[in-house]
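**Q** Below you'll find the structure I mean.
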Amino acid sequence: MLPTLYRHAQSKIFDVEAFLDALHRYGIMATPWRQDWRYVLLIDENTKTGPFTMDLIEPHIALAHDRIDFDVSNLSLERGYTKDLGMRGDITGGSYPIQLETIVENIRNKNFQVLRPVDGENGPNTSGTVAERIEKMKSRGWTQIGTPFSFIPDPPSTYNAVLVPYPSTTLLYQNLVTEMKKIPQAQVISIEQIKNPNIEALYEYMKRTIAKECPGNDPRERELFHGTSGEAIQGIIDRGFDDRYFSPSGAWGRGAYFADDPRKSNLFARPDPTTQRRVIFYNKVLLGVESVQTQPNNSISAAPLNHHSVHGTGFQYYEYIVYRYGQALAYLKITYTAP
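Take 12 as the starting number for the sequence shown in the numbering used here and just add one per residue.
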């Protein structure tokens, strides 16, 4: 696995031999491989500046490389602007922005950052997984830096959100399957990651705001479950946990309710009448300073003064309630069946 440049080939017939001759005139050595929809060139294999690869993609092929393994594999060139490096995926925004200059510096220092879930970490067969590619990078003298995070490109402007299958061989996927087994006879069908840039931006703003009001600037972010059904499923995907739709009938008033045990969430995840499938969301929730309450209080419409959430302990399962739009982010959609 090497640093990679991506560009679309020109729309007229592409002469790879002429292109290689042009590279040779500049002292650049390259070895080509032809695939159905692209050429792959291995460049400067035995020089100090290499090696790296270049993908020359057929003009009728859209750039479908929307999942980026490493930051150093995210460089691109546009025809007519070959002196200007670009990114095939914009990773300068969101929760963990990475600038072009940072990528270039990482390449110079042979460092790399992982930008997607690491599948194959503990499986007997890691072939084709991110874990295998990480080990290949390390074997070539590269150093992994930072904590892996999952970058997903923004959806088209006509959509609020996009769902992407979460790799089943990741530790998080396997841990969630184990958690879901607490629900009697539950069978996980799929886990999908939700990318909603507008709600993510709102959540990050709330995270910074709440952190300023907490000891040690810790907003106390937790991963919690939320079960729902019907139109609310797509509503949460598209609009997040919108306070306009909070139910007023909860034990601790009008808020968004979460649980640390999926058995609680399962009570609210009614099966689809056609498929019999249920949905539980796995969410990031900003609890901030909690108000622990042992008795229900249906009159609550906001967290008590100097608090950011309510922690209800009056029933079999703990409940966590937030009352502000943007204080929770639906991260994963778990589809499953259960009697």
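Glycine included, each C-beta is placed from N, C-alpha and C at the ideal position.
(1) Less than 8 Å between the C-beta atoms of PHE292 and LYS344, yes or no?
(2) Can you name the start and end residues of the alpha helix (DSSP H) that ILE248 belongs to?
(3) Whose C-beta lies closer than 6 Å to the C-beta of GLU301 among residues of the same chain, with five residues either side of it excluded?
(4) Just the C-alpha distance for ALA75 and ILE163, rounded to the nearest angstrom, thanks.
(5) For the region 199 to 211 and the region 147 to 155, state whether three or more C-beta atom pairs, one from each stretch, are separated by less than 8 Å.
(6) Can you list, in chain order, the residues of its chain whose CB lies under 6 Å from that of VAL129, leaving out five sequence neighbours each side?
(7) Suppose contacts are defined by Cβ-Cβ distances below 8 Å. Is GLY266 in contact with PHE257 by that definition?
(8) Could one say the Cβ of PHE292 lies closer than 8 Å to chain B's Cβ atoms, at least one of them?
(9) Start and end of the alpha helix (DSSP H) containing VAL115?
(10) Tell me which same chain residues have a C-beta within less than 7 Å of the C-beta of THR180, skipping the five on either side of it?
(11) Applying the 10 Å Cβ sphere with the 16-neighbour rule, what's the burial state of ASN186?
(12) Closest to GLY325 by CA distance: which of THR286, GLN306 and SER312 is it?
(13) Alpha carbons only, please: which of TYR92, ASN294, ALA262 and THR220 is nearest the one belonging to SER312?
(14) Taking the beta carbon of TYR334 as the centre, do at least 16 other beta carbons fall within 10 Å, making it buried, or is it exposed?
(15) Pair every Cβ in the region 216 to 227 with every Cβ in the region 272 to 291, then say whether three or more of these pairs are closer than 8 Å.
**A** Considering the structure as presented:
(1) As a first step, residue 292 must be located in the sequence shown, where it is residue number 281. As a first step, residue 344 must be located in the sequence shown, where it is residue number 333. Against a cut-off of 8 Å, the Cβ pair of LYS344 and PHE292 comes out as a contact.
(2) Locating residue 248 in the sequence shown gives position 237, counting from the first residue. It spans 242 to 250 - the alpha helix (DSSP H) in which ILE248 sits, taken as one unbroken run.
(3) Numbered from its first residue, the sequence shown carries residue 301 at position 290. Answer for GLU301: SER320 and HIS322, listed in chain order.
(4) Indexing the sequence shown from 1 puts residue 75 at position 64. Indexing the sequence shown from 1 puts residue 163 at position 152. Reliability fails at ALA75, whose pLDDT of 43 lies under 50, so the model's placement of it is uncertain and no value is given.
(5) no
(6) Numbered from its first residue, the sequence shown carries residue 129 at position 118. Excluding sequence neighbours, VAL129 sits near VAL141, ALA142 and PRO159.
(7) Walking along the sequence shown from the start, residue 266 turns up at place 255. Walking along the sequence shown from the start, residue 257 turns up at place 246. Taking 8 Å as the Cβ cut-off, GLY266 and PHE257 qualify as a contacting pair.
(8) In the structure shown, chain B does not exist; there is a single protein chain.
(9) Walking along the sequence shown from the start, residue 115 turns up at place 104. Start and end: 111 to 119.
(10) Here residue 180 refers to the residue found at position 169 of the sequence shown. Once the five neighbours on either side are set aside, the close Cβ partners of THR180 are ASP130, GLY131, GLY134 and THR140.
(11) Mapped onto the sequence shown, residue 186 falls at position 175. Exposed: under 16 other Cβ atoms inside 10 Å.
(12) The residue given as residue 325 occupies position 314 in the sequence shown. Selected option, being the one with the closest Cα: GLN306.
(13) On the sequence shown, residue 312 is found 301 positions in, with the first residue counted as 1. Closest option to SER312, Cα to Cα, is ALA262.
(14) Position 323 of the sequence shown, counted from the start, is the residue given in the question as residue 334. Buried, since its Cβ has 16 or more Cβ neighbours within 10 Å.
(15) no
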